[in-house]
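Down below is the structure, laid out as structure tokens.
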Amino acid sequence: MDKKSLVIGDGGWGMAIAMSLHRAGRGVHVWGFDPDYTAQVARTRENSKFLPGIQVPEEILWTSDVGAALDGVEEIYSVVPTQFLRPTMEKFQGRIDGLPIFSASKGLELSTLKRPTEILADIVGGTERLGIASGPSHAEETVHGLATSVVAAAYDPQLAKQIQAHLSSASMRVYTSDDLVGVELGGALKNIIALGAGIADGIGLGDNAKAALVSRGLVEMARLGGHYGAKRETFFGLSGAGDLMVTCYSQHSRNRSLGEAIGRGQRLKDILANTEKVAEGVWTCKAIHEAADTIGVDMPITQQIYEILFDEVDPKEAVKRLMERPAKPE
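This note's numbering applies: residue 10 is where the sequence shown begins, and numbers increase by one.
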């Protein structure tokens, strides 16, 4: 295959993106930061740490060598957890000039409150060759080729169409959008609400409360997005409501599962100490809590989830606070 894509990030979603590109007929390289682990995957053809039991096609190059990873590629998919994105991409700085970079990371950088494409812009010096792919797409299903739909967004419409063309296959339907900010924020903010949905499951609130939490959480997402110039309607599409639903209800959702553990009485620091898989919502919640305070956007659900996670407020007390807020029109 002459047309090659590089996936930076060898976790579950990185592998799912790689498999999607492979199914679409692209040549694929995957780069991971750990030389020992990437060598193991290259040898065994199994990403046992993140998606065990799934065969990695022989045609996919799996490496930790930057030069080998970049050899012959014409585009990059950045699939790195947001808190590690900046130091990871700095390893490629000066070697990726001119290549379009498409982010598939979801979250906000805690130290700067920047979105992944804003971090990438710092590295490559601008936004003109940056895009994003986001939507309801758990790796555990996408990697098997189960039907999945996502949204590709970029400031340059041709870049959005490029992602659409290169990812689309019989199992991956890709829509395009010109609202990069809204698509990117949807993917970040829904993880906070998913933590809340998991907490609701953990304390046994029931379907009524969970439905209210998810729908009002979507309102919060759109409210904050509007402050940053995102289109309200974006939050009611695949990258907003769609991603929110799958993350709040799926057995595969790390954020929902972490929230459920919190609801059942586990402490955040103990959970984080015993897993290598990243629940981006934890750090996004912390970042958004700071941002909402600064800019004056009302986000009561996010506020209570933050206090449960970081101040160890009892989840039932947090629910009581939400239910007793002053009455208002919807």
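Even for Gly, the Cβ is constructed at its ideal location relative to N, Cα and C.
Bear in mind the structure is a predicted one, so any value in this text is a computation, not a measurement.
{"Item": "DSSP puts T157 in a beta bridge; with which residues?", "Value": "M181"}
{"Item": "What residues are listed by DSSP as bridge partners for I141?", "Value": "S112, A162"}
{"Item": "What does the alpha-carbon distance come out to for the pair A169 and E83?", "Value": "15 Å"}
{"Item": "Closest by CA to A179, which one among G144, E137, S29, R241?", "Value": "S29"}
{"Item": "Between which two residues does the alpha helix (DSSP H) harbouring H38 extend?", "Value": "First-last for H38: 36-40, but that is the beta strand (DSSP E), not the alpha helix (DSSP H)."}
{"Item": "Assuming L318 and C294 make a contact with CB atoms under 8 Å, what is their CB distance in whole Å?", "Value": "6 Å"}
{"Item": "Whole-angstrom Cβ separation of V16 and V88, contact assumed at under 8 Å?", "Value": "6 Å"}
{"Item": "Leaving aside the five residues before and after E316 along the sequence, list all residues of the same chain whose C-beta is less than 7 Å from its C-beta, in chain order.", "Value": "V322, A327"}
{"Item": "Please report the residue range of the alpha helix (DSSP H) in which Y354 lies.", "Value": "Any answer about residue 354 is impossible in this case: the structure gives the chain only from 10 up to 339."}
{"Item": "Below 9 Å between beta carbons: does that hold for A206 and V223?", "Value": "yes"}
{"Item": "Please report the Cβ distance between G85 and H31, rounded to the nearest whole angstrom; I am assuming they are in contact, meaning their Cβ atoms lie under 8 Å.", "Value": "One detail in the question is off: residue 85 reads as Ile in this sequence, not Gly. Not confirmed; about 16 Å, so no contact."}
{"Item": "Please state if the CB of T126 and the CB of I141 are separated by a distance shorter than 9 Å.", "Value": "yes"}
{"Item": "Do you know whose CA, among T157, L204, M181, F245, lies nearest K191's CA?", "Value": "Correcting the residue identity first, residue 191 is Gly in this sequence and not Lys. Nearest of T157, L204, M181, F245 to G191, Cα basis: F245."}
{"Item": "Can you tell me where the beta strand (DSSP E) holding Y6 begins and where it ends?", "Value": "Residue 6 lies beyond the range of the chain shown here (10 to 339); nothing can be said about it."}
{"Item": "Going by DSSP, which residues form a beta bridge with Q64?", "Value": "E55"}
{"Item": "According to DSSP, is K13 helix, strand or coil?", "Value": "strand"}
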